[in-house]
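Colleague:
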Amino acid sequence: MDCVFCQIVSKKIPSDIVYQDGEVLAFRDINPQAPVHLLVIPKKHIASLAELAEEELPLMGRMVSVASKLAEREGVSESGYRLVINCGREGGQLVPHLHLHLLGGRQLRGQLG
Ligand code: 5GP
Ligand code: ZN
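Just so we're aligned, residue 41 is where the sequence shown starts under our numbering, counting upward by one.
Right, dumping it as structure tokens:
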């Protein structure tokens with residue numbers, strides 16, 4: 041599997057990991073768009089939100105929960121933050137492995153396209 045995030049999961053590519061459990065991994069984005077920019081991913085390869093199966097919804101819930109806890113740990117929970125999922129070409133998804141962006145630490149504008 042030449043998926044870059046699968047290689048981060050298997051530690052073939054180094055990354056600044058901030059959280060991991062049996063199913064979820066979180067690390068700092070290599071090209072941060074905000075003072076806090078983390079990526080929260082399932083360890084299992086799921087290509088995009090469009091590929092998420094019904095029975096994987098609890099996994100998505102855990103990813104959101106991890107993001108919320110990390111926001112707290114990174115000190116942006118009170119000031120506020122944004123979770124973003126890009127899906128597919130027109131959604132701006134560049135890495136074809138489901139991921140949640142956690143952005144915070146500066147005033148985010150209404151950049152919804
Ligand atoms: P997308 O556009 O697919 O939603 O976002 C992919 C994100 O992954 C980008 O913000 C990009 O900077 C980040 N990224 C791509 N390759 C790597 C990598 O090898 N390491 C880390 N830490 N982040 C990466
Ligand atoms: Zn993958």
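Here a beta-carbon is modelled for each residue, glycine too, at the ideal position from N, C-alpha and C.
Rounded to the nearest angstrom, what separates Cys43 and Arg149 at their Cα positions?
Modeller: Answer to the nearest angstrom: the Cα atoms are 31 Å apart.
Colleague: Do Gly144 and Ala93 have their CB atoms nearer than 8 Å?
Modeller: In this structure, Ala93 does not lie closer than 8 Å to Gly144 by Cβ.
Colleague: Classify Ile53: buried if its beta carbon has 16 or more other beta carbons within 10 angstroms, exposed otherwise.
Modeller: Flag for Ile53 reads exposed.
Colleague: Within the region 56-83, note down every full beta strand (DSSP E) run reaching 3 residues or more, in order along the chain.
Modeller: As far as the region 56-83 is concerned, its whole beta strand (DSSP E) runs of at least 3 residues are 57-60, 64-68 and 76-82.
Colleague: When you compare each of Lys51, Leu99, Ala90 and Ser50 to Gly131 by their alpha carbons, which one comes out closest?
Modeller: Here the closest residue by C-alpha is Ala90.
Colleague: In this structure, does DSSP put Gly150 in helix, strand or coil?
Modeller: Correct three-state label for Gly150: coil.
Colleague: At the level of alpha carbons, what is the spacing between Ser50 and Arg122?
Modeller: Approximately 27 Å between the Cα atoms of the pair.
Colleague: If you measure between the beta carbons of Leu99 and Ile81, is that distance less than 8 Å?
Modeller: No, Cβ-Cβ distance for Leu99 and Ile81 is not below 8 Å.
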